[in-house]
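*Asks:*
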Amino acid sequence: MAHTTEMEYLRRLRGTARGKVTRKCQLLNEQVRQGKPSNIIEIYYEEVKEAFTELERRHETLVNRICEGEEKDEEFQVKLDEEDQYIDQCLSGEALSLVHGVEDDFDEMFRRLDQRYADPIKLTDCVIDQLKKLKPQKREWTKKYQNLSNKVNAFPELMKYLKEERELLDYMDTEVRNNTRSTKTAFHSLEAKEDSQETNMTMKEEEEMKLILNGLEYKEREKVWIAHYPWIKDPHQLPNNFGVAMMKLKGTEKRLRKLGGIRSAEYSEQMINMQERGVVRKLAREEVTHYKGPVHYLSHHEILKPQSTTTPTRIVFNASASYNGHILNEYWAKGPNVLNSLFGLLHRFRENPVAIIGDISKMFNSVRLSEFDSHVHRFLWRDFEDRAPDHYALTAVPFGDICSPAIAVLAMRQTADKYKDDFLIPANIILKDSYMDDIIHSLDDAEETPETMQDVEFILKQGNFHMKEWIVSGRTQAEEDVDLSGTTSEKVLGVVWNPKEDEISYKIKLNITPKQKTSVPCTVTGTDGSDRELPNDLTKRRVLSKISTIFDPLGLVTPVTLCGKLLLRQIILYTCDKDRKLDWDDPLPKELGENWYKFLQNITRLETLKIPRCIRTTELVKPTLIMFNDASTLAYSACAYARWQVGSGKYIARLLASKSRLAPIKIQTVPRLELASAVLSARLRNTIVEESNIKYDYIYHLTDSEIVLAQIMKDNLNVGTYVANRVSEIRETTSKEEWHWISTEVNIADLMTRPNLQVNIDAGSYWQRGPDFLGLPTTEWPINP
């Protein structure tokens, strides 16, 4: 009786919290409708978040108490839906009449509702009589019930169910909002953050890195690293969440059964595979009962990748789940970003004739967990059998822990450092030419390739890291134990590479869905000759997402991507009726939509673009780095070319990289923008010099701005802070003797300051090979000292 009274009290607390969420959401929605300023809306938004946190806490308390009661006397039967959402709603009308008379039979109620509404109902609750208040969902909505979710993984999902107005998503969907803001800032800022000089780690990151490094223990005999996790909270505060883990297991089993026997079998195979690889171990009953340290259980679920030939069904462990306000990932330090520069890796990848890429197999699992950390990585599994589940514990670092990337990368680097004296070049490849579990490298001699790869593999094995495969460029033959590629295309850090032809290309994904199509079709012709239908209800958000799909970290197609940025700028500045700006989900007006279609039709030609990966085919003789910069009222830019001698008085040049930035919305003078482009050029030059393995004999900076040139050359310049700071940076990072004037007609950086969809950027174009004068001796260049 006391148990029932307590349950009723906890349910009342949960109901009160749920009502508070609804009221706060209504107030927030009203502020949005009235067009209140964003700072006011943010206040109401924070109140909604606070109310929802309280609702989540109240619900977890109730569920945990019921789980305890279920373990003692099986008083309650818990049903778990396939998406781990607990729904507390009401039936009425037709739906209520369907379940009349069977309120005490939970399964029969669901069977009748399933049959009537022709779709599995995502409902679960611990109290059956509350189902009498469920409301059926309208036919024109999705096939699920409109509900207030008491437990969701993402807060914006709750708001999506509560209100239909699209403008709420701008405030509720924080991830979309933050991504949009950051992308927009990168487009509009005068000098984007990525162009600034490299900054050191913060003090917090340094401390976290020390924690991780101090926690790495090398077992010489087993050749393996043991990770002692970087705890920043007392692990003894972690609650034992066995009850919820059991409920999560039931949900995973139910989902997999609905997916079919094949997916269930693949999931079981993955569990067996992890045991065979020693990544997990089954705990004995005595250990489960008598272990005195902190204990925490991870939920696990499937990730489906049907296109994968090796693991179409993957198991993921969730260390970010909340339980009574405790999130396991918040107990550990994340550590700093220890990855190498993506720009530098791709730049070095193009430097030499032979390219190799390698993939480290199960990199995170290569590092073992300490026994202490293993017990906070427990999980339940019973292979779909109707019995009490077995208790397992992870014994290796899993994917999903907040500190896993830093631990795995630092362990691999520590391994390379241990063998650097005996294997200098292979160790440096691991240290400098790796990006998480990828090895990306280029070298001069094809005959040295097999030995280099074998030495890299040897070093990695000393830390229990194992290579999955190697891919080598070209058609050269090698020893049988080296896997040469016959693959048509591979992705190297997001860049499409054809190893057989040794060329870089681009894949353009328009990502058009049926929901985006309208009655007025627009089509573009793809490279295969087929027509692609485009949406006619484009929005600012969709435009941004499609521009962002062109991944070009080196800037090899900047003249094309600049057109997309300028188009987005037009959309952002466009003023509707009553001086109102377009919202992110407003349909584009006709005049802007037509420009967007022209851009889409043009970017499809990038799919036919083939750029040689290697920037040189001969020995480097007198390598020279040439930088160009230019600016207009629309954009400012910089680009870099490498030039070397190939014969008596003959030279060739290749594009290395480029950067282009939109001018600020607030109008700036052209001389200021020209100075900004000079700073951009100096930063790009220093990045290339720092990341490149090529030592350039000469460096030239070429600009068509006499004002900027005079500012750089003149000492004791009496100018304002804006100019002084930028001139100072240029002088500190470059030499005055490197700067020269050229005319606008031969300044190739001009291509990145004005939109031109028809510009030729093919492999043999003016853009890829540089101005004609780069093929002449420097004494014949059209430059002024």
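So in the UniProt record's numbering, spot 713 of the sequence shown is number 713, and the numbers just go up one at a time.
C-beta atoms are modelled at their ideal positions from N, C-alpha and C, and glycine is treated no differently.
In terms of residue numbering, what span does the alpha helix (DSSP H) encompassing ALA682 cover?
*Replies:* Note, ALA682: alpha helix (DSSP H), 670-691.
*Asks:* Is the Cβ-Cβ distance between GLU503 and ALA333 less than 8 Å?
*Replies:* Not in contact: GLU503 and ALA333 (Cβ atoms no closer than 8 Å).
*Asks:* Tell whether a beta-carbon distance below 8 Å holds between ILE712 and ILE730.
*Replies:* Cβ atoms of ILE712 and ILE730: closer than 8 Å.
*Asks:* Decide yes or no for the touch test of the stretch 406-425 against the stretch 313-324: beta carbon pairs closer than 8 Å, at least 3 of them.
*Replies:* These segments do not touch.
*Asks:* Between VAL280 and ALA396, what straight-line distance do the alpha-carbon atoms span, to the nearest angstrom?
*Replies:* Distance between the alpha carbons of VAL280 and ALA396 is about 7 Å.
*Asks:* Quick check on DSSP: helix, strand or coil for ALA333?
*Replies:* It is coil, neither helix nor strand.
*Asks:* Smallest Cα separation from VAL409: which of TRP739, ILE212, TYR722, LYS305?
*Replies:* When only C-alpha atoms are compared, the closest one is ILE212.
*Asks:* Would HIS228 pass as a contact of SER370 if the rule is Cβ separation under 8 Å?
*Replies:* Result yes, Cβ atoms of HIS228 and SER370 sit closer than 8 Å.
*Asks:* For LEU345, I'd like the list of residues in its chain whose CB is within less than 7 Å of its CB, leaving aside the five on either flank, ordered along the chain.
*Replies:* Correct list, in chain order: ASP433, TYR435, ILE440, LEU493.
*Asks:* My parser needs the beta strand (DSSP E) runs of 3 or more residues fully inside the stretch 282-361; what are they?
*Replies:* Listed in chain order, they are 299-304, 313-318, 354-361.
*Asks:* Please state whether the Cβ-Cβ distance between GLU607 and LYS509 is less than 8 Å.
*Replies:* Not closer than 8 Å, so no.
*Asks:* Considering Cα atoms alone, identify which of HIS300, ARG350, GLY400 is closest to GLU330.
*Replies:* Among HIS300, ARG350, GLY400, the Cα nearest to that of GLU330 is on GLY400.
*Asks:* Closest to TYR291 by CA distance: which of ASN716, ARG643, HIS391, LEU582 is it?
*Replies:* Cα-wise, what sits closest to TYR291 is HIS391.
*Asks:* Which residue from GLY261, LEU328, ARG285 puts its Cα closest to that of ILE232?
*Replies:* Minimum Cα distance to ILE232 is reached at LEU328.
*Asks:* Please report the residue range of the beta strand (DSSP E) in which THR703 lies.
*Replies:* Here the beta strand (DSSP E) through THR703 covers 698-703.
*Asks:* In chain order, what residues of the same chain lie with their CB nearer than 8 Å to the CB of LEU757, ignoring the 5 residues before and after it?
*Replies:* Taken in chain order, the residues that qualify are VAL560, CYS563, LYS598, PHE599, ASN602.
*Asks:* What does the alpha-carbon distance come out to for the pair VAL759 and SER743?
*Replies:* C-alpha separation (whole angstroms): 20 Å.
*Asks:* Decide if SER189 is buried, meaning its Cβ has at least 16 other Cβ atoms within 10 Å, or exposed.
*Replies:* In this prediction, SER189 has a pLDDT of 40, which is less than 50 and means its spatial position is unreliable; nothing more can be read from the coordinates.
*Asks:* Return helix, strand or coil for ILE576, following the three-state DSSP convention.
*Replies:* The question names Ile, but residue 576 in the sequence shown is Cys. CYS576: coil per DSSP, three-state reduction.
*Asks:* List the residues that DSSP assigns as beta-bridge partners of HIS466.
*Replies:* Paired residues: SER361.
*Asks:* By DSSP's criteria, GLU607 is part of a beta bridge. Which residues make up the other side?
*Replies:* DSSP lists no partner for GLU607.
*Asks:* Answer yes if the stretch 360-369 comes into contact with the stretch 446-466, meaning at least three C-beta pairs across the two stretches below 8 Å, and no otherwise.
*Replies:* These segments touch.
*Asks:* Using the beta-carbon count (16 or more within 10 Å), is ALA678 buried or exposed?
*Replies:* Answer is buried; the Cβ neighbour count reaches 16.
*Asks:* With DSSP as the reference, label TRP596 as helix, strand or coil.
*Replies:* TRP596: helix per DSSP, three-state reduction.
*Asks:* Determine the contact status of THR624 and ARG685, defining contact as a CB-CB distance below 8 Å.
*Replies:* Not in contact: THR624 and ARG685 (Cβ atoms no closer than 8 Å).
*Asks:* Near GLU594, which residues of its chain fall below 8 Å by C-beta distance, leaving aside the five closest residues on each side in sequence?
*Replies:* Closer than 8 Å at the Cβ level, and outside the excluded window around GLU594, lies no residue.
*Asks:* Can you find the residues in the same chain that come closer than 6 Å, C-beta to C-beta, to SER660, ignoring five residues on each side of it along the sequence?
*Replies:* Result list for SER660: THR558, LEU562, ALA635, SER637, MET752, in chain order.
*Asks:* Which term fits SER473, buried or exposed, when burial requires 16 or more other beta carbons within 10 angstroms of its beta carbon?
*Replies:* Buried: at least 16 other Cβ atoms inside 10 Å.
*Asks:* Taking just the CA atoms, how far does VAL646 sit from TRP741?
*Replies:* C-alpha separation (whole angstroms): 26 Å.
*Asks:* In whole angstroms, what separates the C-alpha of GLU501 from that of TYR696?
*Replies:* So the alpha carbons of these two residues sit roughly 28 Å apart.
*Asks:* Can you tell me the Cα-Cα spacing of HIS300 and ALA355, whole angstroms?
*Replies:* Taking the straight line joining both Cα atoms gives about 38 Å.
*Asks:* With DSSP collapsed to three states, give me the class of PHE384.
*Replies:* DSSP places PHE384 in coil when its eight states are reduced to three.
*Asks:* Rounded to whole angstroms, what is the Cα-Cα separation between LEU380 and ASN324?
*Replies:* Computed Cα separation, rounded: 20 Å.
*Asks:* Enumerate in chain order the residues of its own chain whose CB-to-CB distance from PRO235 is below 7 Å, with the five nearest sequence positions on each side excluded.
*Replies:* Taken in chain order, the residues that qualify are PRO294, TYR331, VAL376.
*Asks:* Give the DSSP-derived three-state secondary structure of GLY647 in the structure shown.
*Replies:* It is a strand residue.
*Asks:* What residue range does the alpha helix (DSSP H) around ASN725 cover?
*Replies:* Note, ASN725: alpha helix (DSSP H), 721-733.
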